[in-house]
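In what follows, a single structure is set out as structure tokens and then discussed.
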Amino acid sequence: MSIHNFSVFPAVADALFSDRFNRIDRLFSQLTGDTPMAVTPAYDIRRVDNDRYALTVSVPGWKESELEIEISGGQLVISGKREEKSDATDEASGWIHRGISRSDFRLSYAVPEHVKVTAAKLAEGILSVELYQEVPDSDKPRKIPIEHVTQAIEHQS
Numbered sequence: 002m003s004i005h006n007f008s009v010f011p012a013v014a015d016a017l018f019s020d021r022f023n024r025i026d027r028l029f030s031q032l033t034g035d036t037p038m039a040v041t042p043a044y045d046i047r048r049v050d051n052d053r054y055a056l057t058v059s060v061p062g063w064k065e066s067e068l069e070i071e072i073s074g075g076q077l078v079i080s081g082k083r084e085e086k087s088d089a090t091d092e093a094s095g096w097i098h099r100g101i102s103r104s105d106f107r108l109s110y111a112v113p114e115h116v117k118v119t120a121a122k123l124a125e126g127i128l129s130v131e132l133y134q135e136v137p138d139s140d141k142p143r144k145i146p147i148e149h150v151t152q153a154i155e156h157q158s
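Each residue of the sequence shown is one higher than the last, beginning at 2 in my numbering.
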């Protein structure tokens with residue numbers, strides 16, 4: 002099982018570094034014939050509007066019953082655990098090569114405070130998760146008016 006932490010709003014440097022790490026891992030895997038160390042599903046994050054976000058995770062071949070989504074303590078966790086894990090079953094069912102990852106996974110995303118998952122659906126190998134950030138009025142920025150004070154100066158003669 003591979004575990005990765007991702008920020009919903011990653012810095013450009015972090016995204017570049019993780020991509021470079023994945024490329025290096027794949028290169029060594031091709032040279033040695035080993036499987037890559039970290040096999041995690043590809044994902045996209047999109048800002049729909051000021052308060053809504055869409056997270057899309059590529060999970061081909063996964064069933065709804067094998068996927069779990071939970072949000073707690075500022076972390077959105079998406080995990081996948083296969084119900085069937087037998088290589089003998091693969092051979093018996095006629096598979097010659099299986100290039101689609103069958104590994105269990107766990108993705109963890111740091112999410113801002115007050116984020117809620119409003120919907121999740123699985124269709125054609127794509128898991129779509131809708132997020133809504135509801136900031137209470139007490140936490141929203143507010144403009145503080147500045148009073149203009151004028152003092153009358155009295156003239157004494």
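C-beta atoms are modelled at their ideal positions from N, C-alpha and C, and glycine is treated no differently.
Since this is a predicted model, take the numbers as computed values, not measurements.
Rounded to whole angstroms, what's the CA-CA distance from residue i to residue j? Just pull it up for me.
i	j	result
P142	I70	31 Å
R103	E125	16 Å
D45	H98	27 Å
E84	T41	18 Å
T119	G95	40 Å
V58	D138	32 Å
L77	P146	38 Å
Q157	D140	51 Å
H149	S129	52 Å
A55	Q152	55 Å
L68	D105	10 Å
Checking 8 Å against the spacing of the C-beta atoms, do residue i and residue j come in under that value?
i	j	result
L108	I79	yes
K122	Y133	no
G75	E135	no
Residue i: beta carbon under 7 Å from a heavy atom of the ligand SAM?
i	result
T33	Here there are no bound small molecules, and the ligand SAM is not part of this structure.
Can you have a look at residue i and say buried or exposed, based on whether 16 or more other CB atoms are within 10 angstroms of its CB?
i	result
P61	exposed
L32	exposed
V112	buried
G81	buried
So that I know if they touch, is there some Cβ in chain D lying closer than 8 Å to that of residue i?
i	result
E114	Absent from the structure: chain D. Only one protein chain is present.
Looking only at DSSP bridge pairs, what is residue i linked to?
i	result
A153	Answer is none; A153 lacks a bridge partner.
Can you give, in chain order, each stretch of the beta strand (DSSP E) that sits fully within the segment 89 to 125 and has at least 3 residues?
Qualifying beta strand (DSSP E) stretches, in chain order: 106 to 111, 116 to 124.
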